[in-house]
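Worksheet for the structure shown next.
There are 2 protein chains.
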Amino acid sequence: MVTEPFRDTRIELSHGSGGLASRRLLEGLIVPHLASSQFNAGALTDAAVLPIESGHLAFTADSFVVKPLRFAGGSIGSLAVHGTVNDLAVSGARPLALLSTFILEAGLPAVVLEAELAAMAAACSAAGVNIVGGDTKVVEHGKADGMYVTTCGIGMLEANVNLSPARVQVGDKVLLSGPIGDHGITVLLARGELDIEAELASDSRSVWPMVQALLAVCAAEVRWMRDPTRGGVASSLNELAQDAELCVALREKDIPVRDCVRGACEVLGLDVLHVANEGQFLAVVAASAAEQALSAVRAVPGGEAAALIGEVESGPSGRLRVFTEHGSSRVVEMLVGEQLPRIC
Amino acid sequence: MVTEPFRDTRIELSHGSGGLASRRLLEGLIVPHLASSQFNAGALTDAAVLPIESGHLAFTADSFVVKPLRFAGGSIGSLAVHGTVNDLAVSGARPLALLSTFILEAGLPAVVLEAELAAMAAACSAAGVNIVGGDTKVVEHGKADGMYVTTCGIGMLEANVNLSPARVQVGDKVLLSGPIGDHGITVLLARGELDIEAELASDSRSVWPMVQALLAVCAAEVRWMRDPTRGGVASSLNELAQDAELCVALREKDIPVRDCVRGACEVLGLDVLHVANEGQFLAVVAASAAEQALSAVRAVPGGEAAALIGEVESGPSGRLRVFTEHGSSRVVEMLVGEQLPRIC
Numbered sequence: 001m002v003t004e005p006f007r008d009t010r011i012e013l014s015h016g017s018g019g020l021a022s023r024r025l026l027e028g029l030i031v032p033h034l035a036s037s038q039f040n041a042g043a044l045t046d047a048a049v050l051p052i053e054s055g056h057l058a059f060t061a062d063s064f065v066v067k068p069l070r071f072a073g074g075s076i077g078s079l080a081v082h083g084t085v086n087d088l089a090v091s092g093a094r095p096l097a098l099l100s101t102f103i104l105e106a107g108l109p110a111v112v113l114e115a116e117l118a119a120m121a122a123a124c125s126a127a128g129v130n131i132v133g134g135d136t137k138v139v140e141h142g143k144a145d146g147m148y149v150t151t152c153g154i155g156m157l158e159a160n161v162n163l164s165p166a167r168v169q170v171g172d173k174v175l176l177s178g179p180i181g182d183h184g185i186t187v188l189l190a191r192g193e194l195d196i197e198a199e200l201a202s203d204s205r206s207v208w209p210m211v212q213a214l215l216a217v218c219a220a221e222v223r224w225m226r227d228p229t230r231g232g233v234a235s236s237l238n239e240l241a242q243d244a245e246l247c248v249a250l251r252e253k254d255i256p257v258r259d260c261v262r263g264a265c266e267v268l269g270l271d272v273l274h275v276a277n278e279g280q281f282l283a284v285v286a287a288s289a290a291e292q293a294l295s296a297v298r299a300v301p302g303g304e305a306a307a308l309i310g311e312v313e314s315g316p317s318g319r320l321r322v323f324t325e326h327g328s329s330r331v332v333e334m335l336v337g338e339q340l341p342r343i344c
Numbered sequence: 001m002v003t004e005p006f007r008d009t010r011i012e013l014s015h016g017s018g019g020l021a022s023r024r025l026l027e028g029l030i031v032p033h034l035a036s037s038q039f040n041a042g043a044l045t046d047a048a049v050l051p052i053e054s055g056h057l058a059f060t061a062d063s064f065v066v067k068p069l070r071f072a073g074g075s076i077g078s079l080a081v082h083g084t085v086n087d088l089a090v091s092g093a094r095p096l097a098l099l100s101t102f103i104l105e106a107g108l109p110a111v112v113l114e115a116e117l118a119a120m121a122a123a124c125s126a127a128g129v130n131i132v133g134g135d136t137k138v139v140e141h142g143k144a145d146g147m148y149v150t151t152c153g154i155g156m157l158e159a160n161v162n163l164s165p166a167r168v169q170v171g172d173k174v175l176l177s178g179p180i181g182d183h184g185i186t187v188l189l190a191r192g193e194l195d196i197e198a199e200l201a202s203d204s205r206s207v208w209p210m211v212q213a214l215l216a217v218c219a220a221e222v223r224w225m226r227d228p229t230r231g232g233v234a235s236s237l238n239e240l241a242q243d244a245e246l247c248v249a250l251r252e253k254d255i256p257v258r259d260c261v262r263g264a265c266e267v268l269g270l271d272v273l274h275v276a277n278e279g280q281f282l283a284v285v286a287a288s289a290a291e292q293a294l295s296a297v298r299a300v301p302g303g304e305a306a307a308l309i310g311e312v313e314s315g316p317s318g319r320l321r322v323f324t325e326h327g328s329s330r331v332v333e334m335l336v337g338e339q340l341p342r343i344c
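Take a look at the structure:
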């Protein structure tokens, strides 16, 4: 084992060659940082090997291309950990292990990579999950905007979990874990192209503690879950409405939104229901279990602002309707177009 | 479900937005192409869910940034499937399922993406593995060289498999599955920067049938395996020698190399032992099982050129030595530098 610290100040193409420079980067920088999350011997071989019990395995992967790399409340590294942990969580699966692959731009300062490795280790530690392996490639300067990160994850489904749009029924309640729009607006502000200042941070976090609490009290009554990332709450619930061939009806006044997010959306002409979140989840729960579900999520630190925001109706099929306090309603479509590119 | 065919001629940023355009790309192009490999309902949710038996799960991920996207014998799509299948195979694991994530460049012709999806589906079908989910992001024109692809895979370890450099012993034999250097030289030629013509194709393929045959006859006697991709045979065997604190000694005359690859390496000043392969594997096998192992691999179509190329010696520790027919020897180091960037 080469165990020298990585001393190069910048990433070069040779660090992606698979030879000596690759090994120095892996052993001198990547493994030491992720070791706090038990980056194991598998990191240096072709695959990590994990003992596993029989059951239902959830398996997910996302690539992250957020711009800029860092923003209030998070960065590409923590986002990549939370994004995959949350995809497992909303599948009803306890996150077991992650892999991370990096596509690095030649010329990237090593300290930038190091900061992201540290952010990933911290996010893993907080989420109670380990990165057990990965891969690194390097592309020429001018490509890849510093770095792109891909994470994949496995988890085991919790007992009595059975999630599907087909299980959603008229009368079911829609639960949301907290205020929406924080991530999307934070990243837009971090780009510095807008003349808006706000005390706002991304909501990037693991939603597993909240999901775990929810499943503990009513796993069999949870019909469907989703983390409303790109495309926001509106895109997630439109997909649900289409797949379930039902209507989702929301009460606007019950949807938690911070004032500064609401204000920024007004200035920018955005519907907050289209703005990305990275630390919230939606659950459709049987009406009989809805209050119990809400109490369970609210009892988890960070879940205090959870709310029941609407319910499932028979029609119009495939639609998301939002009702104002005054009883009027509007149909909210999926996000159309590219108003929020590179948000995660 | 939107089930219209994807009619856009180019990928745009909106296809990565998570909204309607993303769903159209997924349902209109990606799912239909990968459906032949049973792209399941998990593709449209946050994670694929697979029933699984208890055992040892292998879990691996690689990003692919090969340039150009297409070359004789393969393309980024088939390479991404084979690369991850092979990482599972050389871990002794039967490939179970893959995920694929795409980072696409805005402006990419849809037909280019479509060709890669078709290549992935064909590679999956030949390898007997399914893509069960994934993710798509889009970055601005000028980034990402058309596309980067990440695949991750899971597989279950076969019975009696126990692979580790620590198990490698003096006297063990080194088995190589076939001729080396084909992939690396093919990709270099495909870049068109060299004034060399050769009838050559990448060796990109699944090595699982060969590995499976090997394990069937002597799983307990196989000590270590690796697919010598980036950095070539020399980097893989240097890592083994360092990790095992032993010496690997190869007989140059027994290493299969095509004449045109040998010629290209001479012109380019490359050591073929440093050139990447994408359809070969190395195995260290107990001497008592070596002939049986060789026969098993040679009996598999595509394994006819397998050879025993050397053995493990006590020292010099951490070194790869290559002996010529005349009895002289040279030490071959890991690949140093960046002579072959973007090869996979």
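Going down the list, the sequences are from chains Y and B. Each residue of the first sequence is one higher than the last, beginning at 1 in the working numbering. Each residue of the second sequence is one higher than the last, beginning at 1 in the working numbering. Yeah, the Cβ is synthetic: ideal placement off N, Cα and C, and Gly gets one too.
So, using beta-carbon positions, are residue i and residue j closer together than 8 Å?
| i | j | result |
| --- | --- | --- |
| Ser-204/B | Gly-74/B | yes |
| Val-149/B | Ile-76/B | yes |
| Leu-356/Y | Ala-293/Y | Residue 356/Y cannot be examined here, being either before or after the span of chain Y that is shown, 1 to 344. |
| Val-248/B | Val-312/B | yes |
| Ala-93/B | Asn-130/B | no |
| Val-332/B | Leu-320/B | yes |
| Gly-146/Y | Glu-105/Y | yes |
| Leu-34/B | Thr-136/B | no |
Throw me the rounded Cβ distance for the residue i and residue j pair, which I believe falls under 8 Å.
| i | j | result |
| --- | --- | --- |
| Ala-201/Y | Thr-186/Y | 6 Å |
| Leu-189/B | Ile-196/B | 6 Å |
| Leu-108/B | Val-297/B | Contact doesn't hold; Cβ gap of about 39 Å is too wide. |
| Pro-228/B | Leu-163/B | In fact, because the Cβ distance is near 15 Å, the residues do not count as touching under 8 Å. |
| Leu-50/Y | Leu-57/B | 5 Å |
If the cut is a Cβ gap below 8 Å, which residues of chain B does residue i touch?
| i | result |
| --- | --- |
| Gly-337/Y | Ser-14, Ser-17, Gly-19, Ala-21 |
| Ala-97/Y | Phe-59 |
| Asp-345/Y | Since the first and last residues shown for chain Y are 1 and 344, residue 345/Y lies out of range. |
To the nearest angstrom, report how far apart residue i and residue j are at their CA atoms.
| i | j | result |
| --- | --- | --- |
| Glu-4/B | Gly-28/B | 6 Å |
| Ile-309/B | Val-275/B | 17 Å |
| Gly-279/Y | Asn-86/Y | 8 Å |
| Asp-8/B | Ala-110/B | 7 Å |
| Gly-55/B | Ala-115/B | 37 Å |
| Arg-70/Y | Ala-80/Y | 12 Å |
| Ala-260/B | Ala-72/B | The residue asked about is misnamed: residue 260/B is Cys in this sequence, not Ala. Their Cα atoms are separated by approximately 14 Å. |
| Val-173/Y | Gly-153/Y | A quick correction: the sequence has Lys, not Val, at residue 173/Y. Approximately 29 Å between the Cα atoms of the pair. |
| Phe-252/Y | Val-322/Y | The displayed chain sequence assigns Glu, not Phe, to residue 252/Y. Roughly 6 Å separates the two Cα atoms. |
| Val-300/B | Asp-243/Y | 45 Å |
| His-183/Y | Pro-209/B | 46 Å |
| Glu-325/Y | Ile-343/B | 59 Å |
| Leu-340/Y | Ser-17/B | 7 Å |
| Ser-100/Y | Gly-231/B | 21 Å |
| Glu-266/B | Met-156/B | 41 Å |
| Glu-140/B | Ser-288/B | 57 Å |
| Gly-269/B | Ser-14/Y | 17 Å |
| Ser-125/Y | Arg-258/Y | 28 Å |
| Gly-42/Y | Ile-103/B | With a pLDDT of 46 at Gly-42/Y, under the threshold of 50, the predicted position of this residue should be treated as unreliable, though the coordinate-derived value follows. Each residue's Cα considered, the two are about 26 Å apart. |
| Asp-254/B | Glu-338/B | 28 Å |
Residues of chain Y with CB closer than 9 Å to the CB of residue i, please, in chain order.
| i | result |
| --- | --- |
| Val-139/B | Val-65, Lys-67, Ala-144, Asp-145, Tyr-148, Pro-341, Arg-342 |
For residue i, return the contacting residues in chain Y, with the cut-off set at a CB-CB distance below 8 Å.
| i | result |
| --- | --- |
| Gly-303/B | Within 8 Å Cβ-Cβ: nothing; Gly-303/B doesn't reach chain Y, min ~19 Å. |
| Met-334/B | Gly-19, Leu-20, Arg-23 |
| Thr-229/B | Gly-18 |
| Gly-134/B | Ala-61 |
Bridge partners of residue i, per DSSP?
| i | result |
| --- | --- |
| Asn-130/Y | Ala-97/Y |
| Val-49/Y | Ala-58/B |
| Met-225/Y | Ala-283/Y |
| Ser-329/B | Phe-323/B |
| Met-147/Y | Leu-104/Y |
| Glu-311/Y | Lys-173/Y, Ala-249/Y |
| Arg-70/B | Ser-75/B |
Under 7 Å from any heavy atom of the ligand NAP, does the C-beta of residue i make it?
| i | result |
| --- | --- |
| Pro-95/Y | Absence of the ligand NAP is noted for the structure shown, with no ligands found whatsoever. |
List the residues of chain B that residue i touches, going by C-beta distances under 9 Å, in chain order.
| i | result |
| --- | --- |
| Ser-54/Y | Pro-51, Ile-52, Glu-53, Ser-54, Gly-55 |
In chain Y, what lies closer than 7 Å to residue i by C-beta?
| i | result |
| --- | --- |
| Ala-103/B | Rather than Ala, the amino acid found at residue 103/B in this sequence is Ile. Ordered by position in chain Y, the residues that pass the 7 Å Cβ test against Ile-103/B are Ser-63, Val-65, Tyr-148. |
| Ser-78/B | The contacting residues do not exist; Ser-78/B stays about 17 Å from chain Y at best. |
| Cys-152/B | Ala-61, Leu-99, Cys-152 |
Could you tell me whether any Cβ in chain A is nearer than 8 Å to the Cβ of residue i?
| i | result |
| --- | --- |
| Ile-131/B | In the displayed structure, chain A is absent; the protein chains listed are Y and B. |
Mind pulling the chain B residues with CB within less than 7 Å of residue i?
| i | result |
| --- | --- |
| Leu-157/Y | Val-49 |
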